[in-house]
Each structure stands twice: as structure tokens, then as C-alpha cells.
Amino acid sequence: MLSKVKFAIKSKRNRRALGARSISLDEQISLDLKSTDEFFINNQQRTETNEEDITIVWLSKTKQNKSLITSLRFINDYIQLFNDEENALTYIQSILEEKIIVIIDYLNDHLLTVLNELKQVDAIFLFTSTSPSELPSCITAFSSTDEELINEIDHTCQQINKHLAAFSIYNHKNKEKQDLSHEAGSFLFFQLFKAAFKKLPTNSESKKLMISKYRNYYVGNRKVLNEILDFELNYKPNKAIQWYTNNSFIYRLINKALRTENIGCLCYFHFYISDLSKQLEKEFVKFKKQYFESTIKFYRSFKTTSEQIKNFQYNIGSLILTNEYLSTTRNREIVYDFIKQLNIQSNEEKVLFEYTIDLILVKSIIFADISQYKQNSNDNEILFDIGVVFKINSCIYNEKDNLWIVNVSATDEGADIASEYVEYQKAKMTDSNIMLMLGHLIIETGNYYKAEKYFDAILHSSIPNDEEISCIYYNMGRIYRLKGEYDRALEYLDQAYTTHSKARPARLISAAKAMNAMGIVYKEQDNITQAIESFESALKTYGKTLQASHPDVAGTLINLGNIYCAQEEFTDALSCFNRAQRIYDRNLPPNHPNTAILLNNIGNLYQQQSQLDLALNAYQRALAIYENILPPHHPDIVRNQHNISKIYIMLGDQNNPLNIKSDSNMEIIEMFNF
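Residues in the sequence shown are numbered consecutively from 1, following UniProt numbering.
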């Protein structure tokens with residue numbers, strides 16, 4: 001049980017009003033809660049994003065009761081108040097990432113019809129002193145007193161939190177028809193993200209930043225602020241599991257952030273996530289010493305949609321990952337009896353997951369028996385670390401109990417897939433630490449908004465050094481370039497260049513990289529003169545270092561060569577490409593992805609000159625590298641196959657060995673959004 005402690009909220013306004021007189025904690029609490037509660041009641045709408053999983057929407061024809069709002073916030077912090085029906089419906093329809101509990105004090109056929117059709121609405125409560133003669137079937141419960149409503153809401157919130165889940169599925173059967181970067185992205189995100197967070201420095205400042213942010217977020221909520229002070233005073237790394245199991249603000253915030261991949265929120269908890277993973281690893285070692293059978297089974301119940309059930313059925317044999325710390329039990333009867341009694345809506349299905357784990361065969365899995373950390377627990381609860389991957393074996397409907405049973409088995413395949421991508425990106429990012437690599441990989445998956453949030457959070461939720469700040473500026477510049485916001489991109493890249501240049505000693509290699517990136521922006525703006533100047537300036541800066549043959553020099557030469565190629569200055573272009581190739585040959589392993597990129601550019605040059613045999617040779621050499629380092633249907637392989645197919649067509653050979661039509665290849669590339 002969390003400690004019973006008092007808390008104080010800092011308030012400059014209250015300190016000024018009270019002058020020099022010292023005040024007690026209770027007085028400070030009363031003053032701050034009075035002001036924040038009044039703000040909440042008078043304004044009705046919360047403007048900040050909900051960082052938990054549930055939103056309560058209270059639609060009333062009369063002014064909502066202040067004390068009841070305060071009590072409901074103790075159960076679920078995020079509440080939105082409405083007096084206008086259309087405004088309430090518009091708001092509810094805009095919410096896609098939370099479950100919504102609706103409270104109404106009147107019955108309206110149109111309102112109930114709309115609410116009943118919305119998947120995000122989990123429960124509807126009628127709260128009025130007058131009992132209706134007939135209760136519509138879509139109403140979850142009727143309450144006439146504050147106590148009844150509080151109890152109903154509390155029970156519903158517990159059920160929602162217990163059965164929420166988000167899944168990522170990796171389909172082996174039809175990868176060429178999917179956005180591979182997105183499918184692999186979730187696997188990669190959860191496995192690399194954990195490794196990155198373990199590398200982030202953890203100190204008292206990390207904890208202070210998180211506490212400061214969420215004290216502000218939960219202002220006015222006495223219960224949660226009490227938990228936060230308890231965490232501030234009493235948290236130790238060996239208590240990470242205890243804090244997770246106590247259904248504290250930590251549990252609610254982290255689970256929502258994981259399910260939605262909210263990297264900004266997760267960054268504030270990097271120290272805690274690292275502590276929790278380390279403690280789970282220790283408990284896993286203890287578990288294996290006490291458990292002597294090689295195979296073990298666990299169970300978990302979920303509520304999900306009919307569409308998700310079809311997705312499970314379609315993906316038999318595919319890999320599945322639950323985007324959270326997966327909580328299960330070894331007691332099948334408890335889960336089975338519970339799920340049979342579970343109430344669901346018309347668009348929902350009941351699902352029982354059966355997890356099978358071979359502890360000898362599977363090496364990438366971490367879990368712990370956390371029953372000892374929970375009060376009054378008799379369900380043998382098992383908590384899995386982030387990133388555990390299973391293979392879907394079956395999805396069968398049980399007509400007797402009206403539920404689906406999904407059988408899955410643990411596998412290392414997800415870790416292998418992620419490892420392929422990690423090694424590929426590591427090869428391209430020779431001087432990046434894993435924290436920056438995670439941000440780079442988020443950019444590579446095309447989620448620029450999430451990447452932007454990640455780098456912003458690193459700036460504000462950790463303590464990056466001067467060089468890391470410059471690298472963050474550089475990556476922010478890349479993000480804005482990819483978003484087409486070129487002016488902002490140039491601002492960040494100029495900051496990166498200036499910061500690297502003014503460092504003592506100056507970081508010339510990094511400064512040249514920033515100047516090269518500015519050249520790419522100018523090129524995309526069709527400012528070719530400025531682009532050439534930037535690339536030549538980058539080459540001069542590289543020349544001032546003792547690493548004039550650094551692989552990044554080759555990258556700038558390739559960029560310059562591509563401009564010459566576009567201007568049909570083929571001799572100058574080939575000279576740049578040949579210089580780049582000599583640098584790569586001296587510094588990179590034979591199957592490095594950058595060499596494949598260069599060979600593709602050389603192929604493009606020869607194709608423009610109608611030297612088709614030379615173009616084919618360059619493309620085929622690039623393809624051989626890609627096939628050696630990438631999964632079979634990676635976009636780079638598909639794009640390269642398209643180039644080769646185009647050459648065969650130009651040569652008049654319709655029966656090319658790849659047996660891939662140019663048009664169908666381009667459709668695939670368009671699906672990748674590359």
C-alpha cells in the first residue's frame with residue numbers, strides 16, 4: 001500500500017498573498033485545491049491531452065456537482081463537462097485513443113443511438129434522482145445518488161483497465177502487400193526503446209523532471225498528488241514492481257503511453273522503465289531456479305472488436321506483440337470464470353489468450369511472478385517485460401461460453417527481425433549512441449510527429465550534453481525536411497552547424513554533416529546554386545580534419561554527384577561517385593548499405609547515358625548487398641528490383657530473371673510511402 005503522506009503544491013500567488021507568514025501544509029493544500037477546483041468548474045473543458053486511458057464525459061442540463069467531480073477525479077482524473085449535447089457528441093467522436101464513460105442526466109433517443117454506435121464509448125450511466133419507468137438496453141446502469149454513481153464508475157474503470165490491449169502483428173504470408181516499415185516498426189520500437197532507455201543516464205534530476213511535469217498535470221487531484229509525493233520521498237529502484245502493481249499514476253500513465261507509443265511521455269519515465277526491466281530480470285532468474293519444467297502456460301482475458309478477431313484468424317502463423325507490460329496468470333480457472341461473466345457491447349468480443357512458453361528454446365523473454373508484490377493476490381500474476389513476441393497458433397470460437405480462445409507460443413523471431421533492422425541502421429549510423437539511434441529509427445519508419453516528440457522530450461526530460469543537443473538539432477532538421485517544412489529545417493540545421501563549429505575543440509565532422517544536410521534541403525527547394533555551395537563547403541570542412549576519408553565525405557560527394565547528374569554533367573558526376581567509392585572501399589565492409597546506395601546512383605547515371613549494361617551491373621551489385629543484409633521484401637530491395645526490371649525492359653528482354661513487372665513494383669513502393 002502506498003504510504004499515507006501529505007503534500008504541498010507550490011503557489012507563488014498564495015505566498016505573495018500571505019506575505020511572510022509561514023503556512024501549514026494543510027493550509028497550502030486548501031488554498032491550491034480551492035483555486036484549481038474553481039478553475040475546473042468554471043471553465044469545464046480541460047485543454048491538455050489525456051495521458052491516461054479513460055475519459056469521463058459528463059453531459060448535464062444543470063451545473064455539475066463540484067464535490068462529486070472531485071470524488072470522480074480520485075477514480076479517474078480526466079473528466080470533461082458539457083451542457084450542450086452536440087458539443088459533447090462532437091468531442092466524443094474526436095477521441096480515438098481513449099475509452100469513454102458517459103454520464104447523462106436525461107434520456108434522448110438520438111443521443112443514445114449515436115453513443116451506442118461509437119466504439120470508443122465503453123459505458124453509459126444515467127444519473128438522476130428520478131427512476132425511469134423503463135431503462136434502455138444501452139444504459140450500463142442507473143444511479144440516483146453520488147455514492148451509487150461513484151461505485152459504478154469505480155468498478156467500470158477497473159474493468160476497462162484490466163482488459164485494454166493494443167496488438168502489433170507481423171505477417172509473414174503477404175509482406176509484399178503491406179507497409180513493412182510500419183509492421184516492423186512496432187517490433188523494433190519496443191525492443192530498441194527498452195535498450196535505449198537503459199543507456200540513458202538516470203539520476204535524481206530525471207526523477208525531479210518527471211515529478212514536476214506530473215504535479216502540474218494532476219494539479220487539483222489530491223489523491224494523485226499524494227501518490228506523487230509518496231513516490232518522490234520513498235521510491236527506490238528495488239520498488240519498481242511494487243509501484244507498478246499498486247495501480248498508481250505510474251501504472252496508468254506508462255500503460256497508456258506504451259499502447260499509443262507516446263514517446264514523449266515515456267521519456268519522462270525512462271529511469272523507472274529501466275528500473276522495472278532490471279527488477280523483472282532479477283525476478284526471472286529466481287523464477288527459473290524454482291520452476292523445473294521446461295514448458296509453462298499463462299492466461300489473459302481481453303475485450304476486443306470483431307475486426308480484431310478477423311485479424312487474428314487471418315494471421316495464423318504470424319507474430320504478435322502486446323504493446324505493454326503484459327500481465328497474465330497461471331490460473332486458467334480464475335480467468336475463464338471471470339471472462340464468462342464479463343459484460344460486452346454489441347461491437348465487442350470476449351477473448352481468452354493462452355500463452356505457451358518453452359523456457360529452453362526461447363531466450364529473448366523476461367517475466368516475473370509478481371504475486372508477492374500485490375496485496376490480497378491469489379491469482380499467480382505473471383508480468384512480462386516489454387517487447388515479448390508470440391506466434392499465433394489458433395483462434396477458435398467457443399460456442400458454449402460465447403468467447404474466443406487464441407493460442408499463442410513464445411518465439412525469438414520478433415527479436416531476430418528487430419535485430420536485422422538494428423544492425424542495418426547501426427551500419428549507417430557509425431557515430432550515434434543508442435538514444436539518438438532510437439530517434440533516427442522512428443524517423444526511418446516515417447512517423448515524423450513521434451520522432452519530433454521524442455527529440456523534444458530528450459531535450460527536456462533528460463540532461464543531454466552539448467554534443468547530444470547539437471545532434472538533436474540535426475535530427476530535428478531532418479524531421480522538418482521530411483515534413484516539407486524547409487525553413488524550419490534550415491533553422492535547426494544551422495543551429496546544429498553553429499553549435500558544432502563553436503565547440504572547443506570544434507566538432508568539424510559533425511559540422512560538415514549539418515552543412516551537407518542543409519545542402520539537401522536547398523536541393524529539395526530547387527535552390528541548386530545554394531545546394532552546390534553547401535556541399536562544397538561541407539567538403540572543405542571535412543578537408544580540415546584528419547579524417548578526409550571519413551565515410552560521410554563520400555555521402556556529400558554522392559549528393560554533389562547527383563546534382564551534376566541531374567544537370568547532365570556526367571563526367572563531374574562520375575568523378576564524384578568514383579571518389580566516394582574509393583572512400584567506401586577503404587573504410588566500409590563489403591556489404592555495407594551505403595555502398596548499395598552508391599551503386600544505385602551509379603546505375604542511375606549509366607541509365608541516363610543509355611549505357612544499359614553498365615547500369616544493370618551496378619544495380620545487380622547493389623541488389624546483392626541488399627539481399628545479404630535486409631529482409632526479402634524490404635522497400636530498398638523492391639526499389640532495386642524495379643530498377644533492374646526497367647533495364648531489362650529497355651533492353652527488350654521481357655523475360656527478366658526477377659519476373660517482376662515494373663508497374664507492380666512501383667505500386668509496392670508507393671504503399672511503403674518511401
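All C-beta atoms, glycine included, are put in the ideal place defined by N, C-alpha and C.
Taking the Cα positions, P593 is about 23 Å away from K523. Between P132 and L107, the beta carbon gap of about 6 Å places them in contact (Cβ cut-off 8 Å). A residue is called buried when at least 16 other Cβ atoms come within 10 angstroms of its Cβ; V521 meets this threshold and is buried.
In the assembly as shown, D122 is a buried residue. Its beta-carbon has 16 or more other beta-carbons within 10 Å. Burial state of T322 is buried, judged by a 10 Å Cβ sphere holding 16 or more other Cβ atoms. Judged by DSSP in its simplified three-state form, A506 adopts coil rather than helix or strand. Contact between the region 294 to 303 and the region 343 to 358 is established, with three or more Cβ pairs separated by less than 8 Å. Straight through space, the alpha carbons of R586 and T541 are spaced by roughly 20 Å.
Contact between I169 and N315 holds, since their C-beta atoms are separated by about 5 Å, short of 8 Å. Note on S534: 16 or more other CB atoms within 10 angstroms of its CB, so buried under the neighbour-count rule.
By alpha-carbon distance to A195, the top candidate from K340, A506, F271 is F271.
Bridge pairing for C395: V406 [DSSP].
Counting along the chain, E293 sits inside no alpha helix (DSSP H), nor does DSSP assign it H or E at all. Taking C-beta atoms as the reference points, I56 and I153 count as a pair closer than 9 Å. The beta carbon of F249 lies closer than 6 Å to those of V224, E227 in the same chain, with the five residues before and after it left out. Taking the Cβ atoms as the reference, N640 lies roughly 15 Å from Y606, outside the contact range of under 8 Å.
Judged by DSSP in its simplified three-state form, E85 adopts helix. Where V335 is concerned, there is no enclosing beta strand (DSSP E), although the alpha helix (DSSP H) around it starts and stops at 332 to 340. Per DSSP, S143 is not a residue of any alpha helix (DSSP H); the beta strand (DSSP E) it occupies stretches across 141 to 143.
In the three-state reduction of the DSSP assignment, K523 falls in the helix class. In this structure, the CA atom of I442 is about 12 Å from the CA atom of N262. For K63 and L81, the gap between their C-alpha atoms comes out near 9 Å.
The beta strand (DSSP E) runs lying completely inside the UniProt repeat "TPR" (554 to 587) and spanning 3 residues or more number zero.
Leaving aside the five residues that flank K453 on each side, the residues in its chain whose CB is nearer than 8 Å to its CB run, in chain order, N262, I263, G264.
Secondary structure remark: continuous beta strand (DSSP E) runs of at least 3 residues inside the region 223 to 307, in chain order: 295 to 305.
In this structure Y497 touches A511 by the C-beta definition: roughly 5 Å separates them, less than 8 Å. In the DSSP assignment, V389 is bridged to L321. The residues L598, in chain order, have a CB closer than 7 Å to that of Q581 in the same chain once the five nearest residues on each side in sequence are set aside. A direct Cα-to-Cα measurement between S346 and I602 gives close to 59 Å. The alpha carbon of P589 has as its nearest neighbour, out of N628, Q567, R259, the alpha carbon of N628.
The count of Cβ pairs closer than 8 Å, one atom from the region 143 to 162 and one from the region 123 to 130, reaches three, so the stretches are in contact.
One Cα belongs to A457, the other to V102, and the distance between them is close to 33 Å. Annotation for L59: F82, A88, I104 place their beta carbon closer than 6 Å to its own, counting only its chain and skipping 5 residues before and after.
For L266, the closest alpha carbon among the candidates Y214, G220, V219 is that of Y214. DSSP places Q607 within a helical segment (H, G or I) once states are collapsed to three.
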